[in-house]
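Let me begin by presenting the structure, written as structure tokens, before commenting on it.
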Amino acid sequence: MRRADLMLVAPLLGIAAWISVQALDVRDGVAFHEVAASGDAVRAGSTPDAAADAAPGATPEAPRSATDDGAATEAGAEGPHTHRARTANAVADGDMRSPARPREPAPLRDIADIHRRLDESGAGTYIGEVLADRDSALARWPDRVARPLTIWVQSADSLHDWNPAFIPQVRDAFQTWGSTDIPVGFVFVRDSAAAEVHVTWCDHFEEQISGKTMWARDENWWIVEANIVIALHHNHGETLDPSAIRAIALHEVGHLLGLDHTADTTNIMTPRVRVRDLSAADRATMKLLYTLPPGSLR
Ligand SMILES: [Zn+2]
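Just so we're on the same page, my numbering is the position in the sequence shown counted from 1, plus 2.
Here you go:
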């Protein structure tokens, strides 16, 4: 995707988000899920996260653009994190989708069997917290082994403090999650227009965050599109080093693959990231997610 195209996509995402506010009860649409990671990935002793999550449709809200996650107002100045799930109608979906995207078949779902498998395999994972964050629904990519996800990582040479070493850190974040034995492969492409996933950069966010992931799902809760933005600086100006960039990328890729937050700060998916690598629980939760069909368990 060229930069000019990105400029066009941003307003479209904004439109989708706006439509979602007006159509919270649309069922057969595409949800745009926006998640944002803490800007304090490398800070020791930061205040424990006070969850600022909003369940889909829980609270009517003002129209927002794709880059406004509302963290500052909902979680306060030090509020580290917010996430939102939005349901957009089919018109927005049509705007967002690549016409070439193959339609995924509906998953085979047996609610009782899914619950049984969660009971059997949920120990050592935070799948329960993910379900709680998602209003009892799971979202994930379809199996993508034969046709790996195409990832484009921007080279942000024009940004102050840009370091080309950030690119391999982001790639490593994808590959690290890929090593958890999930049925999703990744391939990095040079042409942004050929990519399903775009990782771009900004100088800093206005909120107390350092990363943001936005993904879209179809009516079966298959994730169909996702984009990540990572900041080069903390909200208050400190430069993030490559190790911190990798930690933030791990957190954001976790969101991109379908995980949500856990309160346990030893995991990469805690809202205010404090560790630099995946925990056993991160790996186990991701692995379990990809053994289950997506969709609501209600
Ligand atoms: Zn997050």
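Note that the Cβ used here is the ideal one computed from N, Cα and C, for glycine as well.
Look at Glu221 and Glu198 and say whether their C-beta atoms are less than 8 Å apart.
-> Residue 221 sits at position 219 when you count from the first residue of the sequence shown. Residue 198 sits at position 196 when you count from the first residue of the sequence shown. Not in contact: Glu221 and Glu198 (Cβ atoms no closer than 8 Å).
Confirm the yes/no value for this check: CB of Pro273, any heavy atom of ligand 3, distance under 7 Å.
-> Looking for ligand 3 in the displayed structure turns up nothing; the ligands present are ligand 1.
Could you tell me whether the stretch 192-212 touches the stretch 143-156, using the rule of 3 or more Cβ pairs below 8 Å?
-> yes
How many Å lie between Pro295 and Asp112 at the Cα?
-> Your numbering for residue 295 matches position 293 in the sequence shown. Your numbering for residue 112 matches position 110 in the sequence shown. When rounded, the separation of the alpha-carbon atoms in Pro295 and Asp112 is 9 Å.
N-terminal and C-terminal residue of the alpha helix (DSSP H) that Thr287 is part of = Residue numbering aside, residue 287 sits at position 285 when the sequence shown is read from its first letter. Where Thr287 is concerned, the enclosing alpha helix (DSSP H) stretches over 282-291.
With DSSP as the reference, please indicate the residues paired to Ser323 in a beta bridge.
-> Residue 323 lies beyond the stretch modelled for the chain, which goes from 3 to 300, so this question has no answer here.
Using three-state DSSP, classify Gly126 as helix, strand or coil.
-> Taking the sequence shown and counting its residues from 1, one reaches residue 126 at position 124. Three-state result, Gly126: coil.
Mapping DSSP to helix, strand and coil, what is Gly260?
-> As a working mapping, residue 260 is identified with position 258 in the sequence shown. Reduced to three states, the DSSP call for Gly260 is coil.
Cβ neighbour criterion (16 or more within 10 Å) applied to Arg278 | Position 276 of the sequence shown holds residue 278. Exposed: under 16 other Cβ atoms inside 10 Å.
Give the straight-line distance between the Cα atoms of Ser281 and Ile270, rounded to the nearest whole angstrom.
-> Within the sequence shown, numbered from 1, the residue matching residue 281 stands at position 279. Within the sequence shown, numbered from 1, the residue matching residue 270 stands at position 268. Cα to Cα, the separation comes out at about 7 Å.
Of the listed residues Phe190, Glu106, Arg285, nearest to Pro150 (C-alpha basis) = For the purposes of this step, residue 150 is identified with residue 148 of the sequence shown, where counting begins at 1. Nearest C-alpha to Pro150: Phe190.
Which residue comes first and which comes last in the alpha helix (DSSP H) that contains Trp179?
-> As a working note, residue 179 is residue 177 in the sequence shown. Its alpha helix (DSSP H) spans residues 168-180.
For Val172, the nearest candidate out of Leu252, Thr268, Val186 (CA to CA) | For the purposes of this step, residue 172 is taken as the residue at position 170 of the sequence shown. Nearest C-alpha to Val172: Leu252.
Which of helix, strand or coil does DSSP assign to Leu151?
-> To locate residue 151, count along the sequence shown from 1; it is residue 149. Reduced to three states, the DSSP call for Leu151 is strand.
For Val277, the three-state DSSP class (helix, strand or coil) = Reading the sequence shown from its first residue, position 275 is the one you call residue 277. Note: Val277 maps to coil in three-state DSSP.
Could you work out which residue in Ala114, Trp164, Val132, Glu106 is closest to Leu290 when comparing CA atoms only?
-> Taking the first residue of the sequence shown as 1, we reach residue 290 at position 288. It is Val132.
What's the call for Thr268, buried or exposed, on a 16-neighbour Cβ count within 10 Å?
-> Looking up residue 268 in the sequence shown gives position 266. Exposed, because fewer than 16 other Cβ atoms sit within 10 Å of the Cβ of Thr268.
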